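Following: one structure in structure tokens, then a few remarks.
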Amino acid sequence: METKKAPKKGRLGILLLSAVLPLLFLCFLAAAGKAFLVRRPTLAWLMLAAALLSEAVFVHLLRTVFQKDEGTPDSIVYSLIFLLVRLWHGKRPRPVVDDELMRGLDAPYVLLANHQSFFDFYYISQMAHPRAPTYLVNEYYCTRPVLKTLAKKAGIIPKKLFTAEVSPAVSILRMLRKGYPVVIFPEGRLSPDGRTNAIPEIGGAFYRRLGADLVLVKLQGAYFSYPKWRRRRFRSEIRLRVAEVIRKEELRAMSAEELDRRIVKALDVDESEAPLCVYPQKNKAVGLENILYRCPDCGALYTVVSHGNELRCTACGRVHSLGSDYRFSDEPHTIGGWYDRIREAERPLLDDFRLETEVETVIHGADGGPKRKERGICTLDPTGFSYRSDSTAFSLPAEKLPALAYSSGAEFELYHENELYYFYPTAQRQQCARWALLVDLLAEKRRERGTT
Numbered sequence: 049m050e051t052k053k054a055p056k057k058g059r060l061g062i063l064l065l066s067a068v069l070p071l072l073f074l075c076f077l078a079a080a081g082k083a084f085l086v087r088r089p090t091l092a093w094l095m096l097a098a099a100l101l102s103e104a105v106f107v108h109l110l111r112t113v114f115q116k117d118e119g120t121p122d123s124i125v126y127s128l129i130f131l132l133v134r135l136w137h138g139k140r141p142r143p144v145v146d147d148e149l150m151r152g153l154d155a156p157y158v159l160l161a162n163h164q165s166f167f168d169f170y171y172i173s174q175m176a177h178p179r180a181p182t183y184l185v186n187e188y189y190c191t192r193p194v195l196k197t198l199a200k201k202a203g204i205i206p207k208k209l210f211t212a213e214v215s216p217a218v219s220i221l222r223m224l225r226k227g228y229p230v231v232i233f234p235e236g237r238l239s240p241d242g243r244t245n246a247i248p249e250i251g252g253a254f255y256r257r258l259g260a261d262l263v264l265v266k267l268q269g270a271y272f273s274y275p276k277w278r279r280r281r282f283r284s285e286i287r288l289r290v291a292e293v294i295r296k297e298e299l300r301a302m303s304a305e306e307l308d309r310r311i312v313k314a315l316d317v318d319e320s321e322a323p324l325c326v327y328p329q330k331n332k333a334v335g336l337e338n339i340l341y342r343c344p345d346c347g348a349l350y351t352v353v354s355h356g357n358e359l360r361c362t363a364c365g366r367v368h369s370l371g372s373d374y375r376f377s378d379e380p381h382t383i384g385g386w387y388d389r390i391r392e393a394e395r396p397l398l399d400d401f402r403l404e405t406e407v408e409t410v411i412h413g414a415d416g417g418p419k420r421k422e423r424g425i426c427t428l429d430p431t432g433f434s435y436r437s438d439s440t441a442f443s444l445p446a447e448k449l450p451a452l453a454y455s456s457g458a459e460f461e462l463y464h465e466n467e468l469y470y471f472y473p474t475a476q477r478q479q480c481a482r483w484a485l486l487v488d489l490l491a492e493k494r495r496e497r498g499t500t
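The opening residue of the sequence shown carries number 49 in my numbering; numbering runs sequentially from there.
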């Protein structure tokens with residue numbers, strides 16, 4: 049069934065009033081000043097009184113309505129966030145939701161979904177939840193100015209990407225005990241090629257211990273709408289389907305390994321298998337070279353360039369064109385197929401490779417602390433990752449790096465001692481995707497050997 053939930057009318061009115069009141073205060077104050085200048089004291093005092101009244105109402109709203117249910121998804125700040133996101137996203141595309149399996153399901157529960165685009169959390173919010181859910185999100189969005197306050201008041205749960213922590217687990221359990229659903233994207237990053245990423249820490253044992261029902265949701269269409277490698281959003285059909293609901297009684301009887309397998313199977317998606325609509329745009333390939341960084345024909349590195357709907361290798365001259373179904377006209381036919389050729393080209397190097405690049409580094413202090421900048425050198429080899437600059441030096445063994453987050457064609461990032469490091473290569477920023485893929489392949493190799 050298709051559902052679409054909007055903020056309650058009462059809350060919407062309060063949100064609009066809270067936005068208008070500061071403007072009224074400024075208008076009345078300006079009118080009072082103008083009246084004093086033209087020597088109309090009666091009007092001036094009247095405008096000043098109106099300004100003070102509007103400010104008093106605004107302060108009252110802040111101290112009462114805005115503090116009600118603070119720190120939970122029932123707070124008005126939560127409604128404000130999703131109202132703003134709804135306005136940002138626009139009315140289209142409107143997600144088609146199949147949540148029949150959730151009928152009769154009471155909160156709380158844990159919802160897991162695959163991760164294709166920035167707006168996935170908004171699409172999940174359009175489901176028929178019995179109660180507004182909270183979300184486990186990248187800590188970066190919960191520690192920046194303004195965002196930090198909003199996230200805390202809305203009950204959003206922060207998590208450092210690919211870092212072992214206790215506090216997120218405690219926060220998840222606390223929200224469940226309060227009766228709120230919790231939404232988690234276990235991949236921890238957006239899909240690069242339209243297929244579900246390997247899940248670094250599946251967490252079957254953890255979900256069993258939470259004592260809540262588990263909802264597994266398959267999201268489709270968002271990848272071709274707004275993938276991580278494209279700056280523009282295309283109109284696309286978005287579908288959400290509840291693939292499976294596992295009741296807590298069944299969870300207790302399952303092994304962690306069996307639950308892990310069911311999670312992986314339920315969230316598995318390949319967007320290129322059956323695109324949901326046609327894409328007539330004439331710039332479908334732009335940005336894709338920052339993911340497909342190696343030519344599938346000659347194997348050359350960082351020689352792929354995009355123009356319109358075409359990817360061309362400057363080394364061998366081969367051209368691959370994308371059709372309206374987002375498939376290439378010849379081999380390897382799909383984005384995932386091209387990515388697999390890159391994986392196969394990198395796999396033989398895993399025992400003996402070394403990446404090193406000079407970077408401009410932006411370091412975000414712990415818990416929203418001050419930001420600082422420096423230049424340094426990053427290195428990656430089969431034993432792990434290291435970074436050094438004039439003032440900083442640290443290393444991470446490969447086992448402590450289950451995955452590497454990155455922005456295509458821009459930077460890669462990780463946490464060290466509670467600080468978030470953004471590394472911007474000074475040359476060949478296509479290489480960001482290669483660093484992330486090699487980390488994935490090393491993790492995959494450890495899983496195959498049973499050493500992770």
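Ideal Cβ positions, reconstructed from N, Cα and C, are used throughout, including at glycine. These numbers were taken from a predicted model, which means no experiment stands behind them.
If contacts are defined as beta-carbon pairs under 8 Å, then Tyr157 and Leu262 qualify, I think. What distance do you get, rounded to the angstrom? 7 Å
Measuring CA to CA, which of Arg281, Ala260, His177 and Val487 is closest to Arg140? The shortest Cα separation from Arg140 among Arg281, Ala260, His177 and Val487 belongs to Arg281.
Going straight from the alpha carbon of Val334 to that of Ala451, what length do you get? 26 Å
Considering only the beta carbon of each residue, do Ser320 and His381 sit closer than 9 Å? Taking 9 Å as the cut-off, the beta carbon of Ser320 is found closer than this to the beta carbon of His381.
To the nearest angstrom, how far is the alpha carbon of Cys343 from that of Arg256? 44 Å
Use the C-beta contact count for Lys53: other C-beta atoms within 10 angstroms, 16 or more gives buried, fewer gives exposed. Its pLDDT being 41, under 50, Lys53 is placed unreliably by the model, and the measurement read from it follows with that caveat. Its Cβ having fewer than 16 others within 10 Å, Lys53 is exposed.
Complete runs of the alpha helix (DSSP H) confined to the region 132–183 [at least 4 residues]: 168–173
Counted within 10 angstroms of its Cβ, other Cβ atoms place Cys346 as buried (16 or more) or exposed: exposed
Using CA coordinates, which residue listed in Gln479, Thr440 and Ser443 is at the minimum distance from Ser455? Gln479
By Cβ distance, which residues of its chain are closer than 6 Å to Pro89, with the 5 residues on each side in sequence left out? none
Just the C-alpha distance for Ala393 and Asp154, rounded to the nearest angstrom, thanks. One C-alpha to the other measures close to 48 Å.
Pick from Asp399, Ser127 and Asp429 that is closest to Ala180, judged by C-alpha positions: Ser127
To the nearest angstrom, how far is the alpha carbon of Gln476 from that of Tyr350? 7 Å
Taking 8 Å as the cut-off, does the region 396–407 touch the region 420–432 (at least 3 CB pairs, one atom from each stretch)? yes
Cβ distance (whole Å) where Ala453 is taken to contact Leu209 below 8 Å: 5 Å
The alpha helix (DSSP H) enclosing Phe460, as first and last residue numbers: That residue, Phe460, is in no alpha helix (DSSP H); its beta strand (DSSP E) goes Glu459 to His464.
Integer-rounded CB distance, given that Lys207 should sit under 8 Å from Glu187: Yes, they are in contact, since the Cβ atoms of Glu187 and Lys207 sit about 6 Å apart, within 8 Å.
From Met494 to Ala246, what does the alpha carbon distance come to, in whole angstroms? The sequence given here places Arg at residue 494; Met does not occur at that position. Taking the straight line joining both Cα atoms gives about 13 Å.
Enumerated in chain order, which unbroken segments of the beta strand (DSSP E) with a length of 3 residues or greater are wholly contained in the region 317–369? 352–355, 358–361 and 367–369
Opening and closing residue of the beta strand (DSSP E) in which Gln478 lies: Counting along the chain, Gln478 falls outside any beta strand (DSSP E), and DSSP gives it neither H nor E.
Counting only the same chain and skipping the five closest in sequence on each side, list residues whose C-beta sits under 6 Å from that of Ile390. Excluding the 5 residues flanking it on each side, Ile390 has same chain C-beta neighbours closer than 6 Å at Arg342, in chain order.
Could you pull the start and end residues of the alpha helix (DSSP H) that Leu219 belongs to? Inspection of the sequence shows that residue 219 is occupied by Ser rather than by Leu. First-last of the alpha helix (DSSP H) with Ser219: Ser215 to Arg225.
Sort Gly119, Leu74, Asp117 and Leu85 by Cα distance to Ala97 and report the nearest one. Considering only alpha carbons, the answer is Leu74.
Starting from the Cα of Gly416, find the closest Cα among Lys200, Glu118 and Gly138 and give me that residue. Lys200
Residue burial classification, Thr362 (beta-carbon count within 10 angstroms, cutoff 16): Exposed.
At which residues does the alpha helix (DSSP H) containing Gly119 begin and terminate? Neither: Gly119 is in no alpha helix (DSSP H) and is coded neither H nor E.
Just list the residues that DSSP pairs Phe471 with in beta bridges. Thr409 and Phe460
Straight-line gap, Arg287 to Val326 (C-alpha atoms, nearest Å): 15 Å
Taking the alpha carbon of Pro178 as the point to measure from, which residue in Leu77, Gly269 and Arg151 has its own alpha carbon closest? Arg151
Which first and last residues belong to the alpha helix (DSSP H) in which Gly385 is found? Ile383 to Glu394
When you compare the CB of Glu394 with every CB in chain D, is at least one pair closer than 9 Å? Note that chain D does not occur in the displayed structure, where there is just one protein chain.
Span of the beta strand (DSSP E), counted from its first residue to its last, around Ser273: Not the beta strand (DSSP E): Ser273 falls in the alpha helix (DSSP H), residues Ala270 to Ser273.
Please classify Ala441: does DSSP put it in a helix, a strand, or coil? strand
Which of the three DSSP states, helix, strand or coil, is assigned to Arg87? coil
What residue range is occupied by the uninterrupted beta strand (DSSP E) comprising Gly424? Lys419 to Asp429
Can you tell me the Cβ-Cβ gap for Lys421 and Leu370, rounded? I've got them flagged as a contact below 8 Å. Not quite, the Cβ-Cβ distance comes to about 38 Å (not below 8 Å), so this is no contact.
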